[in-house]
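Count along the sequence shown from 1, then add 30; that gives the number in the working numbering.
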Amino acid sequence: MFQNTQSLPHLLPPSAYSCPEQYGREFERLFGPAWHLIATTAELARDGDFVTAEILGQPVIVRNFAGELRAFLNVCTHRHAQLTHCRHGNSPKLKCQYHGWEYKADGSTGYIPDAQSFRPLPGGPELLKPFRVATRGPLVLVCLDDGAQDLPEHLGAAATAVCDRFPAERWRHYASWSYDFAVNWKVVVENTIESYHVPIVHPHTLVRYGAPEQITHEIYPRSTVMHAPIVVPGIYRQLFNLLMPRLEPDRNPDRYRLDHVFPNLFLIPIDAMMQVMDVMPTGAESCKLTVRLFILKAARETFVTRRITAFWGWLKKLVIRQVLREDARIYPALHRGLKASPFQGTISIREELIFAFQEYVRREAGEQRRPETGD
Ligand code: FES
Ligand SMILES: [Fe+2]
């Protein structure tokens, strides 16, 4: 059932979906203190593995130092080069690509070529700028704000439990991919957390939404959870019944759960899959959606169960890409409509998770002043 009994106001005005000042406040107050997905544990499993990414306009590197993950600003203290521009890789040392300065796990310098030519160093070499990094399940996240809360508090108990349901080693990172959309990030978020559009936008893939009594919404100050039914075709159920017991006995094909960790992280566990998505703003009117797809491995893998995991990944990726393509088709129309809308808007109780999200945006980012009307 839904938590509200009456329809709700659309709290954010249409201008909040393109206004540069609103975007600036959201960037600083919502995204600044958040934890951001940067890699999977599999990408950083070995000593020397590293991953780089641009997070909130900052170049960040995460590296495995003998089993310990460390995150730094990907900028050298010598003359400011990016330490590496590779997206990921493995290196015996954390070494700058320009003049070869090497760095240790604490960010201090190790070997410096021709070190005597730097003597005397005023105050000694500077440390690399560290960031907090933490893992949860198969996910590696970083936080650029030293004063922000720790990862478990950021995720909340519900999403933490989803990450912890299986140990990281049980997940195979099957695929990751991204989309650039010319819409405000909140458009993609709000589309993801409501199923009201399903019969119209996904008539052949998701078919229909559940009856109110089949749906449960959990609403917390910084996250929401939706539990809902899925209508699966007969052939899918046959495949599921045939294959899933080989991976994990108690999986259920008929229900899905969607955890939204505010502002922009989604965990969607369905049967033997966990779909993880994050929406990063790239401007007031653009964003990037990244999808990471994990499939369960059998507790004791065999040749056959590896094939089943791979097949399930292939099937899920096919369906997810189709569903996201269908959603993407509506975004330009939403963007154009929001830019021209004179309306207040309204939110049904089926869409109440959007109301909870908008309450959070308004509370944390501050009120968007409505344009003056009349005289
Ligand atoms: S800029 Fe990195 S070693 Fe010179
Ligand atoms: Fe959709």
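Think of the CB as a built atom: it goes at the ideal place given N, C-alpha and C, for glycine as much as any other residue. No experiment lies behind these values; they were computed from the predicted model shown.
For ligand 2, I want to know if residue i counts as a neighbour, meaning its beta carbon is within less than 7 Å of at least one of the ligand's heavy atoms.
i	result
His290	no
Val309	no
His365	no
Asn120	no
Val228	yes
His232	yes
Asp422	Beyond the ends of the chain as shown, which are 31 and 405, falls residue 422; an answer cannot be given.
Asp357	yes
Val353	yes
Asn104	no
Asn282	no
Asn34	no
Asn221	yes
Taking only the alpha-carbon atoms, compute the straight-line gap between residue i and residue j and give it to the nearest angstrom.
i	j	result
Gly186	Val105	32 Å
Tyr250	Gly343	31 Å
Cys317	Arg238	28 Å
Gly177	Phe385	28 Å
Asp405	Asp289	Its pLDDT being 43, under 50, Asp405 is placed unreliably by the model, and nothing is read from it.
Thr403	Met304	Low confidence applies here, because Thr403 scores a pLDDT of 49, under 50, leaving its location unreliable and the question unanswered by this model.
Phe324	Gly137	32 Å
Pro229	Thr235	9 Å
Thr339	Ala83	28 Å
Phe196	Ala145	48 Å
Ala75	Gly97	8 Å
Phe161	Pro63	12 Å
Asp79	Ala135	13 Å
Asp301	Asn271	11 Å
Val217	Lys125	41 Å
Arg392	Ser37	19 Å
Pro299	Arg267	17 Å
Leu275	Leu269	One detail in the question is off: residue 275 reads as Pro in this sequence, not Leu. Between Pro275 and Leu269, the C-alpha separation is close to 11 Å.
Asp194	Trp201	11 Å
Tyr361	Tyr209	12 Å
Glu23	Met307	Outside the displayed span of the chain (31 to 405) sits residue 23, for which this structure offers no information.
Ile223	Tyr390	14 Å
Ser147	Val81	32 Å
Leu297	His129	42 Å
Arg322	Ile350	11 Å
Asn94	His118	12 Å
Phe61	Val92	19 Å
Asp180	Ala241	37 Å
Ser378	Met256	15 Å
His203	Gln244	31 Å
Where DSSP assigns a beta bridge to residue i, which residues make up the other side?
i	result
Thr70	Leu169
Leu295	Val291 and Asp308
Ile377	Leu38
Gly313	Ser316
Pro94	This sequence places Asn at residue 94; Pro is not what is there. Asn94 pairs with Leu99.
His247	Met256
Lys125	Glu132
Tyr286	Ala258 and Ile300
Ala164	Leu171
Thr139	Tyr133
Gln33	Partner(s): none; Gln33 has no beta bridge.
Pro89	Glu84
In the DSSP assignment, the alpha helix (DSSP H) including residue i goes from what residue to what residue?
i	result
Glu268	The question names Glu, yet the displayed sequence has Gln at residue 268. Its alpha helix (DSSP H) spans residues Gly264 to Leu277.
Lys318	That residue, Lys318, is in no alpha helix (DSSP H); its beta strand (DSSP E) goes Ser316 to Leu326.
Phe184	The sequence given here places His at residue 184; Phe does not occur at that position. Unbroken alpha helix (DSSP H) run through His184: Leu181 to Asp194.
His365	Phe333 to Ala370
Leu383	Glu382 to Ala395
Val105	Looking at the DSSP string, Val105 is not in any alpha helix (DSSP H), and its letter there is neither H nor E.
Pro229	Val228 to Val231
Pro50	Pro50 to Glu56
Can you tell me where the beta strand (DSSP E) holding residue i begins and where it ends?
i	result
Val255	Ser253 to Pro259
Glu220	Run containing Glu220: none in the beta strand (DSSP E); it sits in the alpha helix (DSSP H), Trp215 to Thr222.
Phe211	Trp201 to Phe211
Asp79	Asp79 to Ile85
His118	His118 to Asn120
(request) For ligand 3, enumerate in chain order all residues having a CB closer than 5 Å to any of its heavy atoms. (result) Within the structure as shown, ligand 3 is missing, the only ligands being ligand 1 and ligand 2.
(message) Below 8 Å, how does it come out for the region 108-122 and the region 169-177: are there three or more Cβ pairs, yes or no?
(response) Verdict: no, contact absent.
(request) Give a yes or no on contact between the region 61-78 and the region 328-335, applying the rule of three or more CB pairs nearer than 8 Å. (result) Judged by Cβ distances under 8 Å, the region 61-78 makes no contact with the region 328-335, as fewer than three pairs qualify.
(message) Under 8 Å, with one C-beta from each stretch per pair, do the region 358-372 and the region 43-53 reach the 3-pair mark?
(response) With a cut-off of 8 Å, the region 43-53 and the region 358-372 count as touching, because enough Cβ pairs lie within range.
(request) Could you tell me whether the region 45-63 touches the region 379-399, where touching means 3 or more Cβ pairs closer than 8 Å? (result) Contact holds: three or more Cβ-Cβ distances are below 8 Å.
(message) Quick check: the region 304-313 against the region 269-283, are at least 3 beta-carbon pairs closer than 8 Å?
(response) The region 269-283 vs the region 304-313: no contact.
(message) Between the region 146-160 and the region 252-271, can you find at least three pairs of beta-carbon atoms closer than 8 Å?
(response) Under the 8 Å Cβ criterion, the region 252-271 does not count as touching the region 146-160, having fewer than three qualifying pairs.
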